[in-house]
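Peer 1: Below is the structure I would like to discuss, written out as structure tokens.
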Amino acid sequence: MGHIQLKGVKKNFGDVTVIPTLDLEIEDGKFVVFVGPSGCGKSTLLRLIAGLEDVTEGVVEIDGQDATGLPPAKRRLAMVFQSYALYPHMSVRKNIAFPMKMARIPQEEQEQRITEAARVLNLTDYLDRRPGQLSGGQRQRVAIGRAIVREPAAFLFDEPLSNLDAALRVGMRLEISELHKRLATTMIYVTHDQVEAMTMADKIVVLNAGVIEQVGSPLELYREPRNLFVAGFIGSPRMNLLEGSVAEKYDAHIVGIRPEHIEVSAASGDWTGTVGVSEHLGSDTFFRVNVEGFAEPVTVRADGDVDLHYGDTIHLTPDPHQLHRFDRDSARLA
Amino acid sequence: MATKASRSAARLMISPAVLLLLGWMLVPLSLTIYFSFLRYNLITPGANPFVGWENYYWFLTDPSFKAAMVNTLLLVGGVLLITVAGGILFALLLDQPMWGQGIIRIMAISPFFVMPTVSGLVWKNMFMNPVNGIFGHLAQALNVQPIDFFSQIPLLSIILIVSWQWLPFATLILLTALQSLDQEQLEAAEMDGAGAFSRFFHIMLPHLARAITVVILIQTIFLLSIFAEILVTTNGGPGVSTTNLTYLIYVSSLLQFDVGMGSAGGVLAIILANIVAIFLMRMIGKNLDA
Ligand SMILES: Nc1ncnc2c1ncn2[C@@H]1O[C@H](COP(=O)(O)OP(=O)(O)OP(=O)(O)O)[C@@H](O)[C@H]1O
Ligand SMILES: [Mg+2]
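Protein sequence lines correspond, in order, to chains A and B.
The letter at position 294 of the first sequence is residue 294 when you use my numbering, and the numbering goes up by one with no holes.
The letter at position 284 of the second sequence is residue 284 when you use my numbering, and the numbering goes up by one with no holes.
Quick look at the structure:
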């Protein structure tokens, strides 16, 4: 059980409105990712749900019950912090046991849950160490273990992987996704990394300056971004956004085309340009192409083995079905 | 300090400081030890014959020695208890966001800057005097018999005065320690269902352990040699009820002009201080590593 609903929630810090009035529903068992640029209010929103901040206006409902006035401990939510927030003077075992100790769960039951969590998270060999003697990834797993044993209605993660190196991040990403599949508990996950958002989420909430720009599945956001912000934010490398005469040709203020939806040819195409910087990733190569008549270079994707070099002339053809059109207010045109 | 060369360079560079410190300590220490074996009284000038352990024998068998030992330990223990407990409470209080925080903090720290003699006199004449003191007036206003602090509860009065002086130090150190506690840890504990008391005992107090150790160690060093407060308030009395070891040494060497006896007391005080230090290090010193 973990159905969370925000109704008309608003948050001010002093005179500053960080989150203007907002509604959001998070269904039971979903993996929901809050994504947005730094400072857009993701953590604040998460802390409002957790009860670590009071809402200025509005109602937070958990499983249909008004939880607005409830203290964090009573909301049956578990949180994993960016800094892990482990208790440094307690062993891993005691860290994991702490929430159960506070809930006065019987000793044998505690032992059993600790053993189980340690097994799931590969922590069995580290139970008697202090957090200071663990690596970043292991600390992260202890923090997750501490959250699991409470059997909460929902998990809240605030950028849990941002302190880890790239390889570990990919590994932990899979582990968390797997955990979600196994537990089938609601998870709310904050990140500013859109790759994490795309790969893990059932549902992505794109935030910008406290406003929800779009809510949808990763593919929905990829295929039909509702506005320019989402179009530019989701997808890597980011979508090419073209203004001026090109856009007018398609009857729009701005048109967007993703690098992977432009065909590259040495012989002929709609647009002609010269190759600028290229990034070889092995499987793919991304070229920055300076197209004649465009103000900004266009990023295109080609196969990894395409033989093009700086200064070469190439021809580009955008796929007309994958073109996104936006009006003057940056909203999507059908 | 990894390589051999850097290690020996480091030794070379700190050697002047070490030598200076050694000289600074060793010369007075050897003189004291030397005097403690002489019959050396300023009232009877002349030869200062070597008398072996005689000074120590008389100092140790003096009934006021045992009283002084007990008083010293009570004084140190009492002040430590009050300042650590009070310091934690004050630190928690000052850590709360409130109006005029800066001023309140400076005011709370200020007793530390008052000289011991001055604070002793202020407490003696303005607070604890049964006729003119504030406590006396309060008692009269409430129609109860005023307490004559220095004759009824002399040692406790001194403990209170010294605690008042050292409370700011403890508060300051504990406050900075408290402020270095990661807020997310407290929030995590809150999410984990820990109430205010559990958070204090399970998160804050362990975090403060190291700072408390520092407070206890530093204060003990200074509290073993409390002198000015006693001199200006009770003069060690009534009887010997507020005479600590330092004061007893002062009495024998400067009031009775017995340098030999005073030196013997000084050496005993050094030994006592070292015993206390070893005990403290054993008990709480392990908080300092890791
Ligand atoms: N306690 C506070 N008092 C005042 N302003 C705050 C407070 N906490 C956050 N803010 C402001 O609210 C805004 C949103 O902050 P928040 O921490 O939610 O951002 P975020 O989306 O989590 O960013 P990041 O990705 O960098 O973590 C920021 O502009 C921040 O300055
Ligand atoms: Mg944040």
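Heads up, the beta-carbon is just placed ideally off N, CA and C, and yes, glycines get one too.
None of the values given here were measured: they were computed from a predicted structure.
Quick one: residues in its chain with C-beta nearer than 7 Å to the C-beta of Phe13/A, no 5 flanking neighbours on either side, listed in chain order?
Peer 2: Closer than 7 Å at Cβ, skipping near neighbours: no residue.
Peer 1: So is Arg182/A buried or exposed if we call it buried at 16+ other beta carbons inside 10 Å?
Peer 2: So Arg182/A ends up on the exposed side.
Peer 1: Would you list, in chain order, the members of the region 83-98 of chain A that have their beta-carbon closer than 9 Å to a beta-carbon of chain E?
Peer 2: Among the protein chains in the structure shown, which are A and B, there is no chain E.
Peer 1: Taking 5 Å as the limit, name every residue whose beta carbon sits nearer than that to some heavy atom of ligand 1, in sequence order.
Peer 2: Listed along the chain, these residues meet the criterion: Phe13/A, Val18/A, Ser38/A, Gly39/A, Cys40/A, Gly41/A, Lys42/A, Ser43/A, Thr44/A and His192/A.
Peer 1: Would you mind telling me which residues of chain B sit closer than 7 Å to Phe157/A, beta carbon to beta carbon, in chain order?
Peer 2: Result: empty, since nearest Cβ-Cβ is about 12 Å, beyond 7 Å.
Peer 1: May I have the straight-line CA-CA distance separating Ile212/B from Gln5/A, to the nearest angstrom?
Peer 2: Straight-line Cα distance between these residues: approximately 46 Å.
Peer 1: Under a CB-based cut-off of 8 Å, is Asp15/A close to chain B?
Peer 2: With 8 Å as the cut-off, Asp15/A does not count as an interface residue toward chain B.
Peer 1: Please go through the same chain and pick out, in chain order, the residues whose beta-carbon is closer than 6 Å to the beta-carbon of Gln110/A, but skip the five residues on each side of it.
Peer 2: Closer than 6 Å at Cβ, skipping near neighbours: Ala97 and Met100.
Peer 1: So which residues on chain B does Pro72/A lean against when the C-beta distance must stay under 7 Å?
Peer 2: Correct list: Glu190 and Met191.
Peer 1: Three-state secondary structure (DSSP) at Ser278/A?
Peer 2: Note: Ser278/A maps to strand in three-state DSSP.
Peer 1: Taking 8 Å as the threshold (C-beta atoms), are Gly41/A and Val18/A in contact?
Peer 2: Going by C-beta atoms, Val18/A is nearer than 8 Å to Gly41/A.
Peer 1: On a CA-only basis, which of Phe222/B, Leu172/B, Leu80/B and Ile230/B is nearest Gly102/B? Give me that one, please.
Peer 2: Cα-wise, what sits closest to Gly102/B is Leu172/B.
Peer 1: Could you pull the start and end residues of the beta strand (DSSP E) that Ala78/A belongs to?
Peer 2: First-last of the beta strand (DSSP E) with Ala78/A: Leu77 to Val80.
Peer 1: Nearest to Glu190/B by CA position, among Glu57/A, Asp165/A and Arg75/A, is which residue?
Peer 2: Glu190/B has its Cα closest to that of Arg75/A, out of Glu57/A, Asp165/A and Arg75/A.
Peer 1: For Gly304/A, which residues of its own chain have a beta-carbon under 8 Å away from its beta-carbon, when the five flanking residues on both sides are left out?
Peer 2: These residues qualify, in order along the chain: His280, Leu281, Gly282, Ser283, Asp284 and Thr285.
Peer 1: Under 7 Å: does the beta carbon of Glu159/A sit that close to some heavy atom of ligand 2?
Peer 2: Answer for Glu159/A: yes, Cβ within range of ligand 2.
Peer 1: Quick one: which residues of the region 37-56 of chain A get their C-beta closer than 7 Å to a C-beta of chain B? List them in chain order.
Peer 2: Answer set for the region 37-56 of chain A: Ala50 and Leu52.
Peer 1: What did DSSP end up calling Leu6/A once you bin it into helix, strand or coil?
Peer 2: Reduced to three states, the DSSP call for Leu6/A is strand.
Peer 1: Give every residue of the same chain whose Cβ lies closer than 8 Å to the Cβ of Gln145/B, excluding the five residues on either side of it in the sequence, and list them in chain order.
Peer 2: Taken in chain order, the residues that qualify are Ala139.
Peer 1: Rounded to the nearest angstrom, what separates Leu217/B and Leu280/B at their Cα positions?
Peer 2: Approximately 7 Å, taken between the alpha carbons.
Peer 1: Please determine if the region 310-323 of chain A and the region 8-16 of chain B are in contact, where contact requires at least 3 C-beta pairs separated by less than 8 Å.
Peer 2: The region 310-323 of chain A, when compared against the region 8-16 of chain B, does not touch it at the 8 Å Cβ threshold.
Peer 1: Is it buried or exposed, Pro72/A, if we count other Cβ atoms within 10 angstroms and call 16 or more buried?
Peer 2: Pro72/A should be labelled buried.
Peer 1: Is it buried or exposed, Ala117/A, if we count other Cβ atoms within 10 angstroms and call 16 or more buried?
Peer 2: Buried.
Peer 1: Would you say Ser198/B reaches chain A, if we count a Cβ-Cβ gap shorter than 8 Å as a contact?
Peer 2: It does: the Cβ of Ser198/B has a partner Cβ on chain A nearer than 8 Å.
Peer 1: Within 10 angstroms of its Cβ, does Gln185/B collect 16 or more other Cβ (buried), or is it exposed?
Peer 2: Buried: at least 16 other Cβ atoms inside 10 Å.
Peer 1: How many Å lie between Thr62/B and Ser151/B at the Cα?
Peer 2: Per the sequence presented here, residue 62/B reads as Asp, with Thr not at that position. Roughly 23 Å separates the two Cα atoms.
Peer 1: Considering only C-alpha positions, which residue in the set Glu187/B, Lys66/B, Leu29/B and Tyr250/B is nearest to Gly51/A?
Peer 2: Looking at the Cα atoms, Glu187/B is the closest of the given residues.
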